[in-house]
Each structure stands twice: as C-alpha cells, then as structure tokens.
Amino acid sequence: MRDFFRSFFASLLALIVFIILLIILAGGIVSSLTNKLEGTKTSVQPNSILELNLNYAIPEQTQIYSPTDIVFSGLDFRNPLGLNDVLFAINKAKDDNNIKGIYINLGLNMNGYATLQEVRDALTSFESSGKFIVAYGEMVNQASYFVGSVANQMYLNPSGFLEFKGYSATWSFYKGTLDKLNMNVQIFYDGKFKSATEPLRNSEMSEENKTQLREYLVGLYNHNLSQIVNSRGKTIDEYKLIADAFPGWSAYNVLEKGLVDGVKYKDEVIDVLREKIGVGAEVEVPIIKLDDYFNTLTKEQSYRGDNTIAIVYANGDIVDGEGSRGNIGSAAFTKIFEDIRKNKDIKAVVFRVNSPGGSATASDVIWREIEITKKKIPVIVSMGDYAASGGYMISANASKIYAHPNTLTGSIGVFMILPEISEFMDSKIGVTFDTVKTSPYADFPSITRPVSADESVLLQSAVDTVYYNFKKMVANGRGLTMEQVEEIAQGRIWLGITAKELGLVDELGGIDEAIAGAAGMVGLTSYKVKEYPEIKPTLFESLMKSMGSETEASVMEKNLGILYPHYKTLEQLIERPSIQTRLPYTLKIE
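Throughout, the numbering used here is defined as the position within the sequence shown, counted from one, plus 1264.
Right, here's the structure in full:
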C-alpha cells in the first residue's frame, strides 16, 4: 500500500508540474505573440506606395499560422496572403487616397497563369484610376513578366535576366525505371487522351497527348501575349519573333527589343518612385508591403444584415475520407455543405475549385453534395488554375460555372493502376508469395500476382462504368447530349476559353465575378461573405509543431531533395487500388 501511495503522489506531482509548465508556456506564447503582433502593426502614411511581391506560391486562402509559429520563428513572420485577400488589398488601394501607386518587385514567380490573370486584372483596374504602377526585377521569369507587363514603367537590373521564350511542357516517364526494377503495373483506363498513366506505360508522349498539349500551350501562349500587347503595344507576331530569338541573357538586348522601359539598379528605380510622388532625395520613400497594408484594412462590410454568400475553397487532390490541409476530403466537404444547408442566412455558394482531381469515389460524393445543395440555394463554381478530371466532376452540376481564360479544365476520363510486385520481390530480394483461398476472388485485387483474364475484364468494366457515369453527370449538368459529351471527353484537357465555346463553362471570369454573379442570382446588393473551410490551428497542433514534430511528407521532401517531385508523382499514381479521375502530376509549363 505504501508503494501504491508513493507512486500515486509521484504521478500526481508530475501532473501538477506539467500543468504549471504548460501554463507558463501558454503565458509566454500569448505574451510573445502580443509583442510580435504589436510590433508588426503599421499605418498607411499619406503619399505611400504599395509594394507587391508575388514571388511565393499564392494559396487560395490566407494561411493562418499558429501562435507557436510566430513565437518560435526567428524570421520576420508573415502570413502568406491568399488570392482573395491579395485582390481585396489591391482593390482597396485603388480607392485609398494615401496610396499613390504600386511598385511590383518582380522575380521568379511560380504561380499558375489563371491565378496571375486575376492579379493582373486587379492591377489593370487599379491603373485605370490614374495611379501609376512601376515594376523592377533582377531575375524575371515568364510568369513574372506576364504580371509585370501591366506596369506603366518596367525596369531590369543591368546584370539581370528576363525570360521570354515561349512555353513548353516537359514530362517525366518511369517505364524504364519500372522495367529495370522488374516491377509491373497493370493499367485500365478510358479516354484516348487520358494521359495520366502514360508516365508508367510509355517512354514518351503519345501522339494524342502531344496534340492536346500543343493546342493547350498555343492557346495559353496566344492569350497571354494578347494581354501583354494590350499593355505594352506591338503585335502578337512581333512578340513571337522576339521570343524565338531569346533575348533574355542581355539586359540591354531586352531593352532594345522593347520588353522593358529601362535598365536600372534598384536605388535608381526608387528615385523614379520618388519623382512620381514628388519628394526630394532627403526624404525616404514611404513604401508599404502588401501584407502590412492588408493588416490595416478591415474586411468587415458596412452591411449589418444576415444575408450571406459562402465561399467554399476546394484546393488540391480529391481524396476519400476527412483528408487534410491541402487536399479535398470527401467527408470534410460533405460536412461543410451540410452546415451550409442548415444555415438559413446563406443565400448562395461560390465553390472555388482549384484541383487536378483524384479519387473517383470522393469526387462522386462531393458531386452529390452540390446536387443536394443547389436544390436549396444556387451553387456557382469559380475555377482556378486547374479544375480538371475529378475537379471538373465536382463542378459539372453547378448552377453556373466561371473559369479563367487560362484555366486548365476538362480531362473527362478515368483510370485505375494496380501495381504487381512479385517479380521485383523475387529477383531483387528473394521473396516469393503463395496463397490459399476459399473463393476464386478472395485475394483480389492483389499486388503479389498478375491479374487473371477474368479479373482484367472486371477491372476494365468498373472503369468503363465510372467513365459512363462521369459523362452522364456532365451531360445532365451542362445540358448536353451524351454524344456531345463523348466528343469533348476522352480525357482531353481544354483551355478555359475553349471550354466556354464547348459548353463546359458558362462565363469567363475570376472569383470576384463569380461572387457578383452569385449575388445577382439571388437578388442581393448587400451581403456578408463567409469562408469555408475555416483555417484555425489548434493549441495541440501548435505545441506539436513547436516541439519539432515533422510530417512524413516533410521528412521525405527534405531527404529526397530534387527527387521528391518524382517520388510524389509515383506515390499519387500508384496508390491503393482505386479508380481515379485525375490529371498527370508531371505537367510543368515553362
């Protein structure tokens, strides 16, 4: 009994000490967080210039970091602004008398062209108010130039580089790797343009795939050049001749070709800004960063009523179950739409889809939620950079679909991949398999043996059924016949402009146009906006992260380095046996 009480009180003491330490830690976090937040508070001075730096992956929603991220970070901590908030800040600056112009810090921009088109449109609107835009860069890629070309004046560093060379798409193929490993993949698919499985079954692109990619790239190139022409003059053909000569290695050659307005160092560009706002050399130019400016704003509208438009962000792969941050879990999104239907204040939904697809089953589940929801209130889809394959399935039955001219959509096709590792295991490490079963299909599907002829028929039949249902969803949602859908399906990708011509989307426009369209459909001139999913890290998540907890993905990325994208591609293609509606993951436009 004495030992029992000794152990009991020792455990109790340890618990008390832990609670005290937790309280101290929490107090430190709150105190440090308060100090950091107070330290970052800023105000907008009169005669200010807004600095726009988009050289980061712009998320759909502003990332909300945990308190411990801020406390334990030794960096100048900033929340990366989401696209909607970037647009909000630029639009506010247009009417802000304290903001006289925008300075764009150009660089290596890795965002998709649909995202950049939204930013560019907002900058064009800002410029229409009579305010100036000046851009400067040292190493400027094509995506960055696409945005920067909207500027009244654009400058390049004397030793700088500007990439202007046309577009290309390069794929990685793994069939040779699998052959060397004696690893077999059994592939079932529908759609002659459904190219997601090509990296595993071919050593190069099929002619069908080359055709669709070439048409996509040409359409994207022509559209983007037309935007540049609108801002900087010349003709599309003149720009194509410049790109064909690749002038980017020499800043002065770039200037001679008319791609920029001057060759200057940054301090000289600051002098240009100083002249524009009329201050002398002795006065520091009041430049405010976009995120600091955003923090001075309030998104609360003057409207104090109950009418609400919900924005649901669906970003990433479509997966079964709850999913996680960065993907679209069918169970999580089912709960979101259930909550929306229960909320009588929500009058319409804007469903922002930025997804290359994923699980066919999960896509079907979300499709059904849209079908149920739109019987009560309109559901308007706003497509981002991607809304393809499963991403298109979850959009197809919306009340109305908006897409960017640059959106990659379509890819109405299906596939399934079943790895088979028996030869690999035997030849490489000497492992063999043997099975006893009570029924012919008891071990089906299996990765330790090839599928039989009968099993192959079953799997292809399952894929065919999903493909038929997918086409039927599109036909019903878009008011097309099955024959019309078949002509534009086959797994083929389409540019947003072409998708509108084919009837796959209704209007060309971004998320702002979709929100305005949703309000118009329900007759609202004033309303609130509520965003889903709500990103609020828990205290437990914060503490675990501060203690150095790393996810499996982050460990793999750190260890594999530049090989990580290839690992991720194979992982996403050769996952558990399930029918997929997704794009290839190795498509990279340069």
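Where a beta carbon is used, it is the ideal one built from N, C-alpha and C, also for glycine.
Determine the closest residue to R1846 out of P1714, P1463, S1619, L1426, with distance taken between C-alpha atoms. S1619
Helix, strand or coil: which one does DSSP assign to G1365? strand
Does M1746 come out as helix, strand or coil in the three-state DSSP assignment? helix
Inter-residue Cα distance where the pair is T1696 and F1688: Note on geometry: alpha-carbon atoms of T1696 and F1688 lie some 10 angstroms from one another.
Contained alpha helix (DSSP H) runs [length at least 4] in the region 1433–1502, N- to C-terminal order: 1439–1444, 1462–1465, 1471–1496
Since N1571 and D1603 should fall inside the 8 angstroms C-beta cutoff, what is the C-beta to C-beta distance between them, to a whole number of angstroms? Actually they do not touch by this definition, with Cβ atoms about 17 angstroms apart.
So is P1511 buried or exposed if we call it buried at 16+ other beta carbons inside 10 Å? Buried: at least 16 other Cβ atoms inside 10 Å.
Straight-line CA distance for Y1650 to A1321? 15 angstroms
Can you pull the DSSP bridge partners for R1616? R1616 pairs with Y1577, S1646.
Below 6 angstroms CB to CB, which residues in the same chain sit around K1794 once its five sequence neighbours on both sides are set aside? T1572, A1574
For H1668 and I1630, what's the separation of their Cα atoms in angstroms? 22 angstroms
Can you tell me whether DSSP reads M1657 as helix, strand or coil? helix
How far does the alpha helix (DSSP H) with V1383 in it reach, from first residue to last? 1377–1391
From S1408, G1376, N1362, residue whose alpha carbon lies closest to that of I1368: Taking only the C-alpha atoms, the option nearest I1368 is S1408.
In DSSP terms, what P1683 is bridged to: V1449
Integer Cβ distance of T1461 from F1679, believed to fall under 8 angstroms: 5 angstroms
Would you mind giving the Cβ-Cβ distance between A1578 and R1616, rounded to the nearest angstrom? I have them listed as a contact below 8 angstroms. A Cβ-Cβ distance of about 7 angstroms is found for the pair A1578 and R1616, placing them in contact under the 8 angstroms criterion.
Can you name the residues that DSSP bridges to E1324? For E1324, which the question treats as bridged, DSSP gives no partner whatsoever.
Where D1556 and D1360 are concerned, what is the direct C-alpha to C-alpha distance, given to the nearest angstrom? 15 angstroms
Considering only the alpha carbon of each residue, which of S1703, R1742, D1728, L1682 lies closest to Q1713? Sequence inspection shows Arg at residue 1713; the Gln mentioned does not correspond to that position. Nearest C-alpha to R1713: L1682.
Please classify R1742: is it buried, with 16 or more other beta-carbons within 10 angstroms of its beta-carbon, or exposed? buried
Mark N1486 as exposed unless 16 or more other C-beta atoms lie within 10 angstroms of its C-beta, in which case mark it buried. exposed
For L1239, count neighbouring Cβ atoms within 10 angstroms of its own Cβ and tell me buried if that reaches 16, exposed if not. Past the boundaries of the shown model lies residue 1239; the chain is included only from 1265 to 1854, so the question cannot be answered.
If you pair each beta-carbon of the region 1753–1770 with each one of the region 1479–1496, do three or more pairs fall below 8 angstroms? yes
Taking Cβ to Cβ, would you say A1782 is nearer than 8 angstroms to I1658? no
What does the alpha-carbon distance come out to for the pair P1323 and T1379? 9 angstroms
Endpoints, the beta strand (DSSP E) within which Q1406 is located: Element bounds for Q1406: not the beta strand (DSSP E) but the alpha helix (DSSP H), 1406–1412.
Assuming I1366 contacts L1316 (C-beta within less than 8 angstroms), just tell me the rounded distance between them. 6 angstroms
Buried or exposed: where does K1856 fall if 16 or more other Cβ atoms within 10 Å of its Cβ makes it buried? An answer regarding residue 1856 cannot be provided, because it is not within the stretch 1265 to 1854 covered by the chain.
Runs of 3 residues minimum, wholly inside the region 1502–1554: which ones carry the beta strand (DSSP E) assignment? Every unbroken stretch of the beta strand (DSSP E) spanning 3 or more residues and falling wholly within the region 1502–1554 is given here in chain order: 1551–1553.
Do you know offhand how far S1337's Cα is from Q1327's? Annotation note: pLDDT 46 at S1337 (below 50); position unreliable, no value reported.
If you draw a straight line from the alpha carbon of R1465 to that of D1508, how long is it in whole angstroms? 34 angstroms
Quick one: Cα of A1515 to Cα of M1447, how far? 50 angstroms
Does DSSP put I1761 in a helix, in a strand, or in coil? helix
Comparing alpha-carbon positions, which option in N1517, V1414, L1477 lies nearest V1493? V1414
What's the gap between the Cα of D1770 and the Cα of K1764? 6 angstroms
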